Amino acid sequence: MAVQESFIPPPMPVLSRIGELRERAASLPGGAVDLSVGNPIDPVPEIIIQSLKDHDLARPYPDFGGRQVIMGEVISEWSEKQLNTTIDPSDYGICIGTKEFIAGTPKILSLRDPLRDTVLYPEIAYPSYAMGADLAGCRAVPVSMGDDWKIDVSSIDPEDAKRALMLWINTPGNPAGGLDDLETVVNWGRKHGVPIFSDECYVEFTWDGPAQSVLQYGNEGVVAVHSLSKRSNLAGLRFGFYAGDPEIVSYCREIRRHQGLMVSGHAQVAGIAALRDQKHVEIQRERYKKRLERLIGILDHMGIEASMPGGSFYLWVPSAERNSSELAFLLADKLGVISVPGETYGPRGVGYVRLAAIVSEENLSLLEKRVEGL
Ligand SMILES: Cc1ncc(COP(=O)(O)O)c(C=O)c1O
Numbered sequence: 001m002a003v004q005e006s007f008i009p010p011p012m013p014v015l016s017r018i019g020e021l022r023e024r025a026a027s028l029p030g031g032a033v034d035l036s037v038g039n040p041i042d043p044v045p046e047i048i049i050q051s052l053k054d055h056d057l058a059r060p061y062p063d064f065g066g067r068q069v070i071m072g073e074v075i076s077e078w079s080e081k082q083l084n085t086t087i088d089p090s091d092y093g094i095c096i097g098t099k100e101f102i103a104g105t106p107k108i109l110s111l112r113d114p115l116r117d118t119v120l121y122p123e124i125a126y127p128s129y130a131m132g133a134d135l136a137g138c139r140a141v142p143v144s145m146g147d148d149w150k151i152d153v154s155s156i157d158p159e160d161a162k163r164a165l166m167l168w169i170n171t172p173g174n175p176a177g178g179l180d181d182l183e184t185v186v187n188w189g190r191k192h193g194v195p196i197f198s199d200e201c202y203v204e205f206t207w208d209g210p211a212q213s214v215l216q217y218g219n220e221g222v223v224a225v226h227s228l229s230k231r232s233n234l235a236g237l238r239f240g241f242y243a244g245d246p247e248i249v250s251y252c253r254e255i256r257r258h259q260g261l262m263v264s265g266h267a268q269v270a271g272i273a274a275l276r277d278q279k280h281v282e283i284q285r286e287r288y289k290k291r292l293e294r295l296i297g298i299l300d301h302m303g304i305e306a307s308m309p310g311g312s313f314y315l316w317v318p319s320a321e322r323n324s325s326e327l328a329f330l331l332a333d334k335l336g337v338i339s340v341p342g343e344t345y346g347p348r349g350v351g352y353v354r355l356a357a358i359v360s361e362e363n364l365s366l367l368e369k370r371v372e373g374l
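So in my numbering, spot 109 of the sequence shown is number 109, and the numbers just go up one at a time.
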């Protein structure tokens, strides 16, 4: 009998790499400015706070499929207005934030298609795509990206395609901010019979052109995944949804129902309020755009070149010497900034650091003062 090794949970990818940076940055007068994680700092919109006040929602088990008819209609309306797509109000499911969906879906898809065992994902990416494969006992196979950080589906080995349960894409992408060519990806998925799962949690922070979604190319074989964490400053509430191919969506929904993955009643009501309101998203877009521009200006003062991403609220900053640690230490020692070394997101990230434009007005001014004093 083959001896199976037990799975040892690895340390969390970002936290495990920034200990020394934190110490060095904190030694500056005024302390460290932590730009390492994408954790919202802006207020929860008032319209959402109001929706959380119904205490009766805490008593019964929440409605599994979303607050019946209304959730589907709200999702369908939002995606039509914001993404120019058509989602049938029944072809969706909700999740407790999207990270659990990302980490859990490979297992579900391997139950759906036990003959396949591979999860494809972008070579520079949010670490949970590969973790979902590991947790399902599947192969995690990175897919090359072009110089513009778009996924290159033509590089996928046909043998990997045959074994693939899914291809994850993330557009706009974390950490590099690239915008994929979605039509090419969707066509590749259909040609090879590989479901495309498109993580679109930064879609409303698209800077280069209009927001794009895989669902703009029809829903056959595709599932779009959306989160309220960033657009509505609701990372603590835990609400996301997935929508698209009716068969895949309903399979995921039914397995998740057996797993008890229920979104709380409060999160559902707040989610509906958040998706019905676009004003707060416009305000948040402006905040991130200004912060990104100011951070680019600060780096420019130091002779470090950074450019506006195609989307997202991250700067993906190349180091002139292709040495991420050196650049991360420089930013910590001179500016007191905590960044994330690029290799956290895959081996090709060596030579880059990621900065999140999650920074208060006070800290931005502190950074501007520090850089002027250099
Ligand atoms: C690309 C990407 N996908 C998904 C998530 C998870 O978001 P949440 O679980 O809050 O919906 C994040 C969080 O940073 C992310 O960057």
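Virtual Cβ for every residue (Gly too), placed ideally from N, Cα, C.
Remember, it's a predicted structure, so these values are computed and weren't measured experimentally.
Would you check if the distance between the CB atom of residue i and the CB atom of residue j is smaller than 9 Å?
i: residue 244; j: residue 70; result: no
i: residue 271; j: residue 49; result: no
i: residue 319; j: residue 351; result: yes
i: residue 322; j: residue 123; result: no
i: residue 311; j: residue 177; result: yes
i: residue 62; j: residue 263; result: yes
i: residue 37; j: residue 25; result: no
i: residue 299; j: residue 293; result: no
i: residue 237; j: residue 75; result: no
i: residue 330; j: residue 370; result: no
i: residue 116; j: residue 150; result: no
i: residue 190; j: residue 220; result: yes
i: residue 217; j: residue 247; result: no
Please list the terminal residues of the continuous beta strand (DSSP E) segment that includes residue i.
i: residue 342; result: Per DSSP, residue 342 belongs to no beta strand (DSSP E) and is neither H nor E.
i: residue 94; result: 92-95
i: residue 166; result: 164-170
i: residue 241; result: 240-244
i: residue 225; result: 222-227
i: residue 121; result: 118-122
i: residue 133; result: Here residue 133 belongs to no beta strand (DSSP E); instead the alpha helix (DSSP H) covers 128-135.
i: residue 140; result: 139-143
i: residue 354; result: 352-356
Nearest by alpha-carbon distance to residue i: which of the options is it?
i: residue 42; options: 287, 101, 248; result: 287
i: residue 261; options: 188, 162, 97; result: 97
i: residue 188; options: 259, 206, 120; result: 120
i: residue 208; options: 281, 173, 195, 223; result: 173
i: residue 214; options: 28, 84, 365; result: 84
i: residue 138; options: 157, 113, 152; result: 113
i: residue 242; options: 301, 99, 235, 19; result: 99
i: residue 19; options: 325, 366, 372; result: 325
i: residue 250; options: 269, 190, 291, 223; result: 223
i: residue 101; options: 371, 256, 146; result: 256
By Cβ distance, which residues of its chain are closer than 6 Å to residue i, with the 5 residues on each side in sequence left out?
i: residue 171; result: 179, 180
i: residue 233; result: 40, 42, 44
i: residue 47; result: 273, 277
i: residue 332; result: 21, 24, 25
For residue i, which residues from the same chain have a beta carbon less than 8 Å from its beta carbon, with the 5 sequence-adjacent residues on both sides left out?
i: residue 375; result: The requested residue 375 is not part of the displayed model; the chain covers only 1 to 374.
i: residue 281; result: 204, 231, 232
Taking the alpha helix (DSSP H) that residue i belongs to, which residues open and close that run?
i: residue 314; result: Taken as a continuous stretch (DSSP letters only), residue 314 belongs to no alpha helix (DSSP H), being part of the beta strand (DSSP E) at 314-318.
i: residue 196; result: It is not in any alpha helix (DSSP H) - residue 196 instead sits in the beta strand (DSSP E) that spans 196-199.
i: residue 105; result: 98-112
i: residue 364; result: 361-372
i: residue 288; result: 279-301
i: residue 274; result: 265-276
i: residue 185; result: 182-192
Can you give me the Cβ contacts of residue i inside the same chain, cut-off strictly under 7 Å, excluding the 5 residues immediately before and after it?
i: residue 160; result: 118, 120, 141
i: residue 285; result: 204, 205
i: residue 22; result: 32, 338
i: residue 144; result: 123, 152, 155
i: residue 346; result: 123, 124, 125, 142
Examine the Cβ distances between the segment 337-346 and the segment 188-204 and report whether three or more of them are shorter than 8 Å. Touching, no, given that fewer than three Cβ pairs across the two stretches are closer than 8 Å.
Under 8 Å, with one C-beta from each stretch per pair, do the segment 132-145 and the segment 223-240 reach the 3-pair mark? Counting C-beta pairs with one atom in each stretch, the segment 132-145 and the segment 223-240 have fewer than three that are closer than 8 Å, which means they do not touch.
So does the segment 159-176 actually touch the segment 101-117, counting three or more Cβ pairs closer than 8 Å? Between the segment 159-176 and the segment 101-117 there are three or more C-beta pairs closer than 8 Å, enough to call the two in contact.
Taking three-plus beta-carbon pairs below 8 Å as touching, is the segment 7-21 in contact with the segment 309-316? No, they do not touch.
Say whether the segment 47-62 touches the segment 354-364, bearing in mind that this needs 3 or more beta-carbon pairs closer than 8 Å, one atom from each stretch. Output reads no: the segment 354-364 does not touch the segment 47-62.
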